[in-house]
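Written below as structure tokens is the structure these notes are about.
Numbering (my numbering), first residue to last: 2 to 459.
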């Protein structure tokens, strides 16, 4: 079963395909080398045979026979036999080699001696018909040439066998690694499917699968965060709605038991309406955060001027700051304005929430500063106040729905303001940083270079 799984892996199939391709290329290369080398050696043999034959064929019969006899006495080897035959094929001088039938006056080199009746190696030679009617044979053994072919074939088979074995072993190892990784991913995925959202896919290396696993793990991180937020929201909704619903129920019950006039009933109805509107406002804020986190609003992004939006938000809250005897200042620093992609209404809402919170928690006589700075490729919007600030332990918690730090529990609100700002910041690829005390400073930073690259990729 494991072998079947191994053979189904893409890495194993690719390794086998490359092995076959390499084997075919090697076979072609060996065949080409063998053909070229054997052709080169055969040409050298032919050149010697033709050169030697031309020289000897010009000699007269007596001189030729004398030279062949002398050569036979000095060197009796048959590596380069030269033989003189009479008209009947009888050996007159030279090496005692049987006459090659059918080649009494060959015009091109030929091979002979392959018959079983010849104990010698095969030869390659030429024949010349002399004016005397005799036939001269000049030949050279091609035994070394054949041995070279056998050696080359053996080397090719050995190299092919070793390459095949190593390739198969490599393919099996690669495929086995892929199967193990797939098994690990499968086990982790099944664990996650069963509800363990803290589980992550195992990472191994930085290849294509490793990069894909990293992206999936990032997705699981976001999914776990959203699920935890959903669980927390359910708990917080139950907790936060219990108080206004209890007040609403108690007011209606009190009105039923104690109200004796139309004015009393009207007052009770007004209180019930106010409580209901507060509940509806809370649910509206929750729905708005969910809509923003869905990311669909990103499709409607247009070119906006962040500086102009900040200016509008500051001007909108100047009367409120003046009524509370709070100094509201704005500063614009850095390079000239340049367009940025975003949703102007959501950005205004985010900046307005930050300014509203700063004014709400700053005591009379305090100050609120709004700064918009451009530095390089970054746009930075920050809101600072002289209020009680947010402790380091609460800086992450205040971004969760319904969470309210201790100093803010007695102020009106539903604990969704900073959650809404955080959702808008994520939608616009902004980093949100909270600093202080003393006071509180919240900064939204947007790296325009990363944002532009994100837009291009999408």
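Note that CB positions come from ideal geometry on N, CA and C, so glycine has one too.
Here the structure is a predicted model, which is why all the values come from computation and not from measurement.
- Collapsing the DSSP output to three states places residue 399 in a helix.
- Contact between residue 92 and residue 79 fails: their C-beta atoms lie close to 13 Å from each other, not under 8 Å.
- The beta carbon of residue 217 lies closer than 7 Å to those of 202 in the same chain, with the five residues before and after it left out.
- According to DSSP, residue pairing for residue 47 in a beta bridge does not occur.
- Of all alpha-carbon atoms in 384, 142, 323, 382, the one lying nearest the alpha-carbon of residue 366 is that of 323.
- In summary, residue 308 is buried, with 16 or more beta-carbon neighbours lying within 10 Å of its beta-carbon over all protein chains present.
- Of all alpha-carbon atoms in 395, 255, 47, 28, the one lying nearest the alpha-carbon of residue 124 is that of 47.
- The beta carbon of residue 111 is closer than 8 Å to those of 101, 104, 125, 126, 127 in its chain, skipping five residues each way along the sequence.
- The C-alpha of residue 253 lies about 9 Å from the C-alpha of residue 266.
- Between residue 401 and residue 230 the beta-carbon gap is near 7 Å, inside 8 Å, which marks them as a contact.
- In this structure, residue 399 lies away from residue 359, with their beta-carbon atoms at least 8 Å apart.
- In terms of Cα proximity to residue 372, the closest of 364, 387, 378, 335 is 335.
- In this structure, the alpha-carbon of residue 245 lies about 7 Å from that of residue 280.
- The beta carbon of residue 106 lies closer than 8 Å to those of 128, 129, 130, 136 in the same chain, with the five residues before and after it left out.
- In the displayed model, residue 131 falls within coil according to three-state DSSP, outside both helix and strand.
- For the pair of segments examined, the region 19 to 29 was found to touch the region 160 to 175: the number of CB pairs separated by less than 8 Å reaches three.
- Residue 381 is bridged by DSSP to 374, 446.
- Nearest in C-alpha terms to residue 364, of all of 340, 375, 326, is 326.
- Counting along the chain, the unbroken alpha helix (DSSP H) around residue 316 starts and ends at 307 to 324.
- Taking a cut-off of 8 Å on C-beta distances, the region 177 to 185 does not touch the region 23 to 32, as fewer than three cross pairs fall below it.
- In the assembly as shown, residue 159 is an exposed residue. Its beta-carbon has fewer than 16 other beta-carbons within 10 Å.
- DSSP, reduced to helix, strand and coil, places residue 327 outside both helices and strands of the structure shown, so it counts as coil.
- Its Cα nearest to that of residue 389, the residue 361 stands out among 12, 87, 361.
- Residue 431 and residue 195 have their C-alpha atoms roughly 34 Å apart.
- By alpha-carbon distance to residue 12, the top candidate from 152, 177, 65, 63 is 177.
- By the beta-carbon neighbour count (other beta carbons within 10 angstroms, threshold 16), residue 386 is buried.
- Judged by DSSP in its simplified three-state form, residue 181 adopts helix.
- With respect to residue 133, residue 64 sits apart: the two C-beta atoms are not nearer than 8 Å.
- Membership of residue 112 in the beta strand (DSSP E) is indicated by the continuous run 111 to 113.
- DSSP places residue 80 in the coil class of the three-state scheme, outside both helix and strand.
- Where residue 355 is concerned, the enclosing alpha helix (DSSP H) starts and stops at 345 to 362.
- About 6 Å separates the beta carbon of residue 249 from that of residue 273, a gap short enough to meet the 8 Å contact definition.
- With contacts defined by Cβ atoms closer than 8 Å, residue 379 and residue 312 do not form a contacting pair.
- Within the DSSP secondary-structure output, residue 86 pairs in a beta bridge with 92, 136.
- Residue state for residue 105 is assigned as coil, using DSSP reduced to three classes.
- Secondary structure of residue 368 (DSSP, three-state): strand.
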